[in-house]
Each structure stands twice: as C-alpha cells, then as structure tokens.
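Working notes, beginning with the structure itself.
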Amino acid sequence: MSSRALLLRSWRATRSSPRAVTPLLTGSARRWGSSISQRPGSDRVLFPGAVNSKFTTEMSFLKGSDLPAIPTYRVIDSDGELVDKSRGPPDVSDEEVLTWYKNMLTVSIMDVVMFEAQRQGRLSFYMVSAGEEGIAVGSAAALTPDDVVFAQYREAAVFQQRGFTLKNFMGQLFANCNDTGKGRNMPVHYGQNYPRMHTISSPLATQIPQAAGAAYALKMQDLQDPNRERRIVACYFGEGAASEGDFHAALNIAATRSCPVVFICRNNGFAISTPTLEQYRGDGIASRGVGYGIDTIRVDGNDVFAVNEAMKEARRRALSDGGRPVLIEAMSYRVSHHSTSDDSFAYRARVEVEDWKRRDNPIIRLRKWLENKGLWNEDLEQETRDSMRKAVLKEFSEAEREKKPPLREAFTDVYEELTEEAKAQMKELKRILETYPDEYDLRPYKDGAKGLD
Amino acid sequence: MSLPRSSRSLIPRVSRRCYSSAPSPRAKLNLPIDYKSTPLLHHTPSSLSSVPDFPAAATSKRLNLFQAINSALRTALSTSDKVMLFGEDVAFGGVFRCSMDLQTEFGSERVFNTPLTEQGIAGFAIGAAAEGMKPVAEIQFADYVFPAFDQIVNEAAKFRYREGGTGINVGGLVVRMPCGAVGHGALYHSQSPEALFAHVPGVRVVMPRSPAQAKGLLLSSIFEHNDPVIFMEPKILYRAAVEHVPNEYYTIPLSKAEVIKPGKDLTIISYGQPLYLCSSAISAIEKTMKGVSIELIDLRTIYPWDRQTVIDSVRKTGRAVVVHESMINYGVGAEVAATLQEGAFLRLEAPVKRVAGWSTHTGLSYEQFILPDVARIYDAIKQTLEY
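Shown next, in the form of structure tokens:
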C-alpha cells in the first residue's frame with residue numbers, strides 16, 4: 002500500500018470511529034459552544050490558546066526584569082506601628098492577637114528546647130521554624146476548623162494555632178505511644194485528624210497537587226450538601242519546593258479545575274544551602290501564580306496581620322464564583338539552620354543571620370505592637386516565657402519516659418489488613434527475638450516480643 | 029543557636045543516644061560494626077597491593093567514603109573536560125560533603141547547584157550526555173529519586189535502543205545517590221531502591237561497599253562504559269568506613285562480582301553495607317561451628333550482574349544465603365535465588381535463603397527490627413548449614 006493510501010485509510014478510520022460521531026457534527030455547520038474562530042478584520046488573536054491577544058507590528062520580547070517587582074503587602078512596620086494611618090486597625094480582637102502571640106512564642110520556646118535536646122542526643126532530628134512563625138499563625142488563624150491543611154515541615158505553628166497540644170508535639174517528637182503516627186515518622190512530621198492537618202511527608206512538593214485534588218473533593222462534597230459550611234484547603238511549601246514539577250502541575254490543575262485551595266509559599270531565601278538566586282530567576286514565586294491564571298499576592302511574612310488579612314481575603318476568593326485557587330507568597334528569612342543536620346555557616350555568613358535576627362522577626366514585631374497598645378510588657382513576657390518553658394519541659398520529660406508503640410506497628414497499616422506474608426514475617430521476627438533474647442533490647446517497646454502477636 | 033541557661037539546666041544531659049536502637053547490653057552478635065578492624069577494609073597500604081583491581085605500586089591515603097567519592101570526582105573532573113557535576117546543594121560541598129571544594133577547583137560552569145527538581149536534574153543530565161558530555165548528577169537522597177523515575181526508566185534506559193541506527197546514547201551519564209538506612213532515617217531517608225532500577229534493562233546499577241571500591245567503580249562508571257549508571261552510595265559508610273584508597277586514577281570493572289572471602293560450605297551473596305554484617309556473622313559462625321568456612325561475595329554491580337561468579341561459587345559450596353537491606357518482596361534476593369535454582373539446582377543441599385528487610389516501610393522506631401542484622405544472618409547461615 003502506498004503511504005498516501007495508508008494515510009487515507011487511517012483518516013477514514015478516524016472518521017468512522019464512534020468517538021467522532023456526535024450530534025453537533027451530524028447536522029449543518031454548527032459550532033461547539035466553546036469554539037473560537039477568527040473574524041475577518043479583527044484586531045486581536047482568537048486562537049484557542051490565547052483568546053484576547055491584540056495583533057501588533059512591533060516585535061517586543063517581554064522581560065520580567067523590565068516589569069516592576071510585585072509589591073509586598075504589609076499592615077504594620079518593624080516597630081509594630083500601623084503603616085497606613087488612614088485605614089482602621091486590624092479587624093482582630095485583642096484577645097485573639099494575644100493568642101497568636103502566645104502561640105508563636107510557644108513554638109519558638111519549644112524550638113529552642115528541642116534543638117538543644119537534639120544536640121544532646123535525646124532525639125534524632127529537629128527542625129525549627131524561627132522567623133516563620135508569623136506566616137504559620139497568621140494564615141492558620143484565618144481558617145475554620147473544617148478547612149484542611151497540607152503542610153511541608155516548617156509549619157509547627159500552624160499545628161499550634163489549630164489545637165495541637167504540647168503532648169501531641171512531644172508524643173510525635175519522641176515517637177512514643179501517644180504519637181498518632183505510631184512511632185513511624187521522623188521528628189516534626191506531625192499529623193492530626195481534626196482540625197485536619199495531613200501527616201507531614203518528607204518528599205518536597207508532593208503535597209501541592211494533593212492539595213488541589215483535596216480541594217476539588219471538598220468542593221464536590223460541599224456542592225452535594227448545600228447546607229454545610231464551605232471549606233478550603235490550605236497548602237504550605239517553601240520556595241525551594243516550588244522548583245519541583247509537582248508545584249507547577251498543582252497550580253495548573255487547580256486553576257483549570259477551579260479548586261478552592263490557597264497555596265502559601267514560605268519564601269525564606271534558602272533551600273538548605275541553595276539561595277533563591279540559584280533557585281529561580283523570575284520575580285519570586287508570586288509571578289508564577291499570575292502565569293497560571295491564579296489570583297496572587299505577596300505579603301510580608303514578618304507581619305502577622307498582613308498574613309492574616311491576605312489569608313482571609315484569599316479564603317473568601319477561593320470560595321467565590323464556584324471556587325478558585327489563590328497563591329500567597331509570604332516573604333521571610335530562614336534565621337535557623339535548615340535542620341539539626343545542617344550547619345548553615347558553611348554557606349552563609351553568621352553576621353548576615355545575626356543582622357536579620359536583630360532587624361526584624363514576626364514575634365518581636367507583634368510584641369512591639371502589643372506593647373504600643375498597652376497589652377503587653379516585660380513582666381508579662383518573663384512570666385509567660387517561664388511558664389511556657391516549664392510546660393514544654395514537663396511534656397518533654399513525660400514523653401521521653403513513655404513507651405514506644407508495640408512492634409506490630411512496624412507491619413500494620415501497610416495495607417488495610419495484614420497480608421499473609423506480613424503475618425509470616427512477624428512470626429519469623431518473633432522467633433528470632435525469642436531465640437536470641439540477648440541480642441535485642443525490647444524494654445522501650447510496649448509489650449516486648451509479645452507486641453508482635 | 030544559644031540556649032537560655034535556665035532550660036539548659038532543666039534538661040539533664042544523658043550519656044547515650046536514647047532515640048536510636050542502642051545495642052542490647054548483653055548482645056554478642058548485634059554489636060556495632062567495628063569499622064577499624066573489619067577485614068573488609070584496607071587498613072594498611074600493603075593490603076591494597078595484594079588486590080589486582082588496584083594499580084600496582086600506587087601511593088594511597090586513608091579516606092572515608094565521602095572523601096573517596098570526592099577524590100574520584102576530582103580525578104574525573106581533572107581527567108576530562110567533559111565531566112560535569114551538579115545537583116541540589118552541590119556547590120557548597122553537598123549535604124554529605126562529597127563535592128567539597130570541587131566548585132572552587134573546577135569552576136561554577138562545571139560544578140554547580142541546580143534548582144530543587146529531581147526530574148529536572150535527571151533530564152538535564154540525559155540531554156547533556158546525549159550531546160557528548162559526561163554528567164555526574166547528584167540526587168540528594170535515593171528516597172527522592174522518584175520524580176526522576178520517568179527520565180531514568182523511560183529515557184536514560186531506552187535511549188540507545190530507541191535511537192537505534194543513529195547510534196546516539198547517553199554513555200557517561202552517572203546518577204549518584206546516597207542510599208540505605210542509618211538507624212533513624214524513617215520512611216524517607218532510609219530507602220534502597222536498587223531493585224526498582226535493576227528491573228529496568230538499559231541502566232547499570234552499582235553499589236560500592238567501601239571507599240577504595242567506590243573510587244574505582246565510580247571512575248569506571250564515568251569513563252569505561254557507555255551506559256547510564258545509577259550509582260548508589262550507602263550513606264552510613266560516608267563517615268564510618270575508612271580505608272586506604274589509591275591516589276591515582278584506577279577503575280574496577282562493572283558487572284563483575286568479587287569473592288571477598290573464600291569458603292567451602294556456604295556462599296553469602298550481598299552488596300553494600302550489609303556485607304559488614306555478613307562478615308561479623310561469618311566470624312561468629314566460624315567460631316561456634318568448628319571447621320565450617322563461609323564464602324562471601326560482593327555483587328558490586330547489581331544489574332547487569334555477574335551470574336557466573338555466583339553460580340560457580342554455589343556449585344562449589346552447595347548452599348547460599350542472599351542478604352540485602354531493601355524489602356525482600358521482589359527484591360535482588362529473589363533474582364539471585366531463582367538464578368541459583370536454575371544454574372546450580374543439582375548441587376543445592378538446602379533452599380537458597382534470603383535475609384532482607386521485611387515487606388514494610390522503615391518506621392522510625394522499628395528500623396533495627398525491620399532491617400537485617402547479624403543475628404538474623406547468623407541464624408540463616410546456621411539453618412542453611414543444618415538443613
């Protein structure tokens with residue numbers, strides 16, 4: 002058969018395939034509702050991929066650096082003063098602001114204690130969120146308990162703001178019987194069923210497309226049950242994670258499926274050692290949101306009010322017009338090392354970090370605001386810090402003494418039910434433990450070798 | 029970060045690490061590996077010269093695994109301008125220090141940070157290799173290689189086959205990644221996904237057991253083969269394993285196993301870090317069962333693997349145990365056992381036994397119970413000998 006004949010045959014096959022036969026094509030030259038055509042003499046492009054682009058005879062390439070940088074929204078300055086005196090104060094009760102402050106402080110005190118505890122070898126790993134507490138608390142405060150959170154690993158304060166207790170934190174950090182993760186995850190991989198915050202997963206950016214899908218599920222369920230309060234998904238990640246393919250996939254699919262999800266990028270300047278200059282060349286992460294057709298704002302992450310107001314508005318937008326994604330890029334500086342496994346002075350100057358610590362930080366800024374309003378003072382600060390430290394240390398020592406979950410939890414939850422193979426392996430492991438009792442220290446584990454039954 | 033004095037005094041110091049699986053106080057088998065005395069490492073320059081893989085009369089230096097990788101990369105970068113080195117955090121030396129000082133020595137055009145994207149790193153490396161460079165791409169942890177799985181499985185592995193008559197291939201491409209458990213890495217800092225890659229014809233999968241092996245195998249991967257290589261480095265050995273490593277360029281052939289210790293009664297086949305556990309189990313069993321001698325084989329290349337060396341050994345000993353860290357289900361042990369069943373059936377005195385990770389994830393608190401240890405290997409040897 003000649004190639005021409007082959008082509009003709011395949012064309013006919015396509016024509017006669019059931020997929021091509023639709024009512025719209027069978028009559029006269031009717032058009033699809035969404036079809037686009039070029040009108041004669043039109044001054045703009047009506048191609049399917051760019052539906053409102055004007056023709057031009059001037060050849061010009063767009064250059065991001067020629068455009069003004071996306072501005073950063075702030076409400077209070079680094080002295081804790083309202084920047085725009087013509088607007089009213091933040092629409093938050095004094096009581097609530099004090100709660101925010103205490104939540105940020107709790108996490109920061111826990112960070113100091115746990116970082117040192119890791120250095121002493123009391124736990125294998127820890128990550129602090131110093132400098133980023135404001136992003137977490139300000140945004141989480143705008144959520145309802147029914148909203149769903151997908152976080153990365155530097156959002157302890159989101160957990161704190163949403164009711165995670167010190168006992169919960171310590172149970173996870175020491176992987177003991179009180180850990181909802183059943184002793185399986187590395188420290189700081191918290192999780193909670195309600196208010197829902199999915200258990201942290203170490204791989205970066207995997208949670209971002211999941212957040213889009215989860216938001217779509219909430220949207221479908223809320224449409225099917227019009228009496229229930231509308232819910233959103235809040236999804237946190239860093240600017241480094243935004244380089245992963247999953248980030249791009251997530252924003253695009255969330256936009257095309259109009260998902261009620263708020264993406265919150267914590268841009269803290271570093272992905273372990275890699276500075277933002279080697280991470281991307283555009284205007285931060287915010288510029289990408291615009292490219293995906295997503296409402297986007299950049300905020301000052303050290304300003305808890307700015308973050309909170311942006312998040313409230315983002316949440317409103319996410320639920321309007323049948324749902325849509327929103328991107329918030331919250332700017333901060335990672336004053337801590339990446340984790341306890343990292344020594345950041347190998348790649349940045351100590352003085353730079355000290356400068357940032359001194360210059361600005363969300364806790365000090367809110368404290369100034371509270372003091373300006375007469376809601377806080379040095380005595381309250383000392384008293385609060387002391388009682389928080391005591392509370393942290395009390396839960397710390399209780400959690401450290403608590404038993405680890407039974408050994409069977411090593412095998413459960415891989416599948417809904419233990420497989421025949423897993424049962425055989427548990428039996429074999431038990432035989433080993435009983436044959437060589439001197440070789441294993443089972444004291445830390447609840448029920449010892451019997452924990453495998 | 030400084031700690032306020034009050035809390036420092038409130039957390040009393042403890043002497044041992046309580047989070048990780050400390051050895052049982054009465055243990056005789058499951059003791060920490062003594063890397064200073066293990067027979068698997070070259071503790072003196074003279075023991076190096078007795079091995080044919082290494083250059084004769086070479087000068088050597090004591091290096092740990094990350095230093096040996098660093099030395100191999102430095103040698104590669106100086107040997108050929110085509111060699112490039114990149115990945116996340118590579119510029120400052122890498123999170124495991126394997127690329128230390130290399131950007132300073134060879135410039136940021138050839139040694140550089142990439143954005144945080146494994147699929148991008150792998151795809152970028154494949155493209156560079158297809159156009160004649162020798163890219164050495166670093167994935168920060170084997171646990172994070174999966175976004176690159178598509179590029180490795182569908183692209184790197186199939187490149188030569190797909191190109192066919194054009195002759196274009198991605199030889200010289202090496203994707204390095206730290207792998208394996210350290211005792212507290214949990215779900216996402218412990219995995220050894222070699223079996224997943226070994227299932228894919230077209231990529232070579234290599235895992236060295238020691239610093240001197242690593243340098244020779246890595247240089248071989250970069251220069252001696254025109255196939256893409258997945259090079260997996262057991263990260264627990266980065267600092268722990270120290271031995272004499274030849275200073276100059278040398279290669280160790282890929283797809284060639286090594287009989288590390290000869291024996292007559294049973295063959296253990298393993299690779300990577302568990303070889304040290306096997307070695308301890310062997311010395312324990314040879315002490316308790318007089319006259320018994322066990323042969324130990326390091327596969328070195330997991331695929332395409334040296335079937336003949338393994339079959340020949342088991343035809344001689346009649347008994348085999350396969351040991352690896354990753355999950356037993358559909359693992360390397362299954363392939364080795366099936367091959368032995370075909371190639372040495374009439375000589376087998378006992379079923380081929382596998383000691384491997386159980387078919388679950390590496391839950392933080394349970395790592396020492398999930399992964400093979402000396403006691404389990406000892407028990408498997410004993411059972412196989414007494415079958």
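Chains A and B, in that order, are what the protein sequence lines are.
Residue numbering for the first sequence follows this note's numbering, beginning at 2 and increasing consecutively.
Residue numbering for the second sequence follows this note's numbering, beginning at 29 and increasing consecutively.
No residue lacks a Cβ here, since even glycine has one placed at the ideal position from N, Cα and C.
Would you decide whether residue i is buried or exposed? Buried here means 16 or more other CB atoms lie within 10 Å of its CB.
i      : result
T58/A  : exposed
G89/A  : exposed
V338/A : The sequence shown places His at residue 338/A, not Val. Label assigned to H338/A: buried.
A156/B : buried
Y217/A : buried
P227/A : exposed
S387/B : buried
V164/B : buried
L47/A  : exposed
Q336/B : exposed
T329/B : buried
N169/A : buried
Determine the DSSP secondary structure at residue i, reduced to helix, strand or coil.
i      : result
K183/A : coil
I264/B : coil
D326/B : strand
Q168/B : coil
S17/A  : Caution applies to S17/A, whose pLDDT of 47 falls short of 50 and renders its modelled position unreliable; the model cannot decide the point.
Y189/B : helix
V22/A  : Note that V22/A has pLDDT 44, beneath the 50 cutoff, so the model's placement of it is unreliable and the number below is only indicative. Coil, per DSSP.
A384/B : strand
M105/A : helix
F114/B : strand
R232/A : coil
N53/A  : strand
M389/A : helix
K162/B : strand
D112/A : helix
E271/B : strand
G128/B : Before going further, note that residue 128/B is Met rather than Gly in the sequence given. If DSSP states are grouped into helix, strand and coil, M128/B belongs with coil.
E252/B : coil
C260/A : coil
E399/A : helix
Suppose the cutoff is 6 angstroms on Cβ atoms and the five residues either side in sequence are ignored; what does the same chain contact list for residue i look like?
i      : result
P445/A : K405
N98/B  : C126, M128
K220/A : P261, G324
Y216/B : D171
A86/B  : P274, E276
T23/A  : Below a pLDDT of 50, predicted positions are generally treated as unreliable, and T23/A, at 47, falls in that range; the measurement from the model is reported next regardless. So no residue of the chain qualifies.
A157/A : V108, S130
D454/A : none
G184/A : A176, K405, P406
Kindly list the residues whose CB is nearer than 8 angstroms to the CB of residue i, restricted to its own chain and excluding five residues on each side of it in sequence; keep chain order.
i      : result
S17/A  : Low confidence applies to S17/A: its pLDDT is 47, below 50, so where it sits in the model is not reliable, and the reading given next is rough at best. None.
V350/B : I296, I297, S298, V360, G361, V364, A365, V380, K381, R382, V383, A384
F187/B : I154, A158, I196, N197, V198, G230, P256
Y406/B : L57, A309, A312, I313
If residue i sits next to residue j, beta carbons under 8 angstroms apart, how far is it from one beta carbon to the other, in whole angstroms?
i      : j      : result
C266/A : I286/A : 4 angstroms
V210/B : K263/B : 6 angstroms
I398/B : A411/A : 6 angstroms
E191/B : N197/B : 7 angstroms
A450/A : E435/A : 6 angstroms
F174/B : P206/B : The pair is not a contact, with the Cβ atoms about 15 angstroms apart (cut-off 8 angstroms).
V159/A : V150/A : 6 angstroms
P210/A : A251/A : 4 angstroms
N303/A : V93/A  : Going by Cβ atoms, the distance from N303/A to V93/A rounds to 17 angstroms, so no, they are not a contact pair.
E134/A : P363/A : 6 angstroms
G391/B : A214/B : 7 angstroms
Looking only at its chain, what residues have a beta carbon closer than 7 angstroms to the beta carbon of residue i, apart from the 5 residues adjacent to it on each side?
i      : result
P73/B  : S88, H272
A378/B : R347, T412, Y415
- Message: Does the structure place the region 231–250 of chain A close enough to the region 337–347 of chain A that three or more beta carbon pairs sit under 8 angstroms?
- Response: no
- Query: Can you find at least 3 beta carbon pairs, one from the region 318–328 of chain B and one from the region 263–275 of chain B, that sit closer than 8 angstroms?
  - Reply: no
- Query: Can you find at least 3 beta carbon pairs, one from the region 275–285 of chain B and one from the region 135–144 of chain B, that sit closer than 8 angstroms?
  - Reply: no
- Looking at C-beta atoms only, is the number of pairs between the region 365–374 of chain A and the region 101–108 of chain A that lie closer than 8 angstroms three or more? yes
- Message: Within 8 angstroms, do at least three Cβ pairs link the region 248–268 of chain B to the region 284–295 of chain B?
- Response: no
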